[in-house]
Amino acid sequence: MIQFTVLTLFPEMFAPLQESILKRAQEAGLIKIQFVNFRDYATSKHRNVDDVPYGGGAGMLLKPEPIFAAIRDLPQPCGRRRVILMSPQGDVFRQEKAKEWSEQEELVFICGHYEGFDERIRELADEEVSIGDYVLTGGELAAMVMIDAVVRLIPGVLGEDTSAEEDSHSISLLEYPQYTRPANFEGRQVPEILLSGHHAMIKRWQRKESLRRTFLRRPDLINAFTFGADDYPLLEELILDHEEIAAWQARWKHLCPPPKRRRKSSHNPEGNQ
Ligand SMILES: C[S@@+](CC[C@H](N)C(=O)[O-])C[C@H]1O[C@@H](n2cnc3c(N)ncnc32)[C@H](O)[C@@H]1O
0 MIQFTVLTLF
10 PEMFAPLQES
20 ILKRAQEAGL
30 IKIQFVNFRD
40 YATSKHRNVD
50 DVPYGGGAGM
60 LLKPEPIFAA
70 IRDLPQPCGR
80 RRVILMSPQG
90 DVFRQEKAKE
100 WSEQEELVFI
110 CGHYEGFDER
120 IRELADEEVS
130 IGDYVLTGGE
140 LAAMVMIDAV
150 VRLIPGVLGE
160 DTSAEEDSHS
170 ISLLEYPQYT
180 RPANFEGRQV
190 PEILLSGHHA
200 MIKRWQRKES
210 LRRTFLRRPD
220 LINAFTFGAD
230 DYPLLEELIL
240 DHEEIAAWQA
250 RWKHLCPPPK
260 RRRKSSHNPE
270 GNQ
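Note that the sequence shown covers residues 0 to 272 in numbering that gives the first Met the number 0.
See the structure below:
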């Protein structure tokens, strides 16, 4: 079981986590999500959690005392705990990070708000993570995105364990196009191969379409991808459809299978092809 602890001023914002797959994961005891409102740790008369920045500047900053006190008050972790600060200045959250965190025992998310954090709060965190290069009003939506991405990787949360493995990004390629019934929708036909029942050919088609999608939509992912020997014919076919893919040819040339040698015979004493 993974324990998620969220430090936030707005626990009500997390209502979507009580729906659908995340709801079922909690009911099945695969995860536990708890919220700590760090305003409860403010000691001033008006329970202020923010204050003006030293040196001037717009907005209000979260004060260190309530967040330090809330973290110190967490029960001793029973296993591995990671404290994560929601921040547009952090590393961008990616699927590998979701996979890494799905193997932890406790994840603590600190959600900022207003103009951000007093710098000293950063030292509480093991890592600082962003959901993308844009600025949100608070860390709540970012934490929900991360929790959702982690939870669906926990064994038993999705119907079949394989369904997460085939998703886009789990193998650094985008997922191939998928179709369901009807086979013909207003003249738009599902590719014939998918109706053929020929599993090996379907797998080949899916791999080729995954490669095609990734080249055309996210060529940056191709840079980090290692092709397998079976990809060679697919890649050579893709070049015929999309000239631009040829720019990467050097990345898979080494996979070119050696020409087949013919066996020597009385008709062909040199064994030439
Ligand atoms: C308005 S933002 C503060 C931005 C801050 N002034 C800065 O430039 O880094 C308020 C809070 O929202 C959260 N936040 C905003 N954008 C985010 C992002 N892209 N990813 C994760 N958290 C984000 C952070 O917790 C942040 O402290």
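The C-beta atom is built at its ideal place from N, Cα and C for all residues, glycine as well.
- Counting the other Cβ atoms within 10 Å of the Cβ of residue 179 gives fewer than 16, which makes it exposed.
- Check the Cα spacing between residue 39 and each of 68, 28, 57: the tightest is with 68.
- The closest CA to that of residue 31, considering only 96, 103, 119, is found on 103.
- DSSP places residue 19 in the uninterrupted alpha helix (DSSP H) bounded by 19-26.
- Measuring C-alpha to C-alpha distances from residue 138 to each of 54, 86, 13, 23 identifies 86 as the nearest.
- Between residue 48 and residue 65 the beta-carbon gap is near 5 Å, inside 8 Å, which marks them as a contact.
- Between residue 151 and residue 20, the CB-CB gap stays under 8 Å.
- For residue 165, the closest alpha carbon among the candidates 206, 198, 145 is that of 206.
- Counting along the chain, residue 98 sits inside the alpha helix (DSSP H) bounded by residues 94-100.
- Contact fails between the segment 187-202 and the segment 239-246, because fewer than three Cβ pairs, one in each stretch, are under 8 Å apart.
- The continuous beta strand (DSSP E) containing residue 4 extends over residues 1-6.
- Annotation for residue 90: the continuous beta strand (DSSP E) segment containing it runs 80-91.
- According to the DSSP assignment, residue 105 belongs to the beta strand (DSSP E) that extends over 105-109.
- As the crow flies, the alpha-carbon of residue 36 is around 19 Å from that of residue 80.
- Distances taken from the Cβ of residue 188 to the heavy atoms of ligand 1 include none shorter than 7 Å.
- By the Cβ criterion, the segment 223-234 is not in contact with the segment 177-193, since fewer than three pairs of Cβ atoms, one from each stretch, lie closer than 8 Å.
- Relative to the non-hydrogen atoms of ligand 1, the Cβ of residue 114 comes within a distance shorter than 7 Å of at least one.
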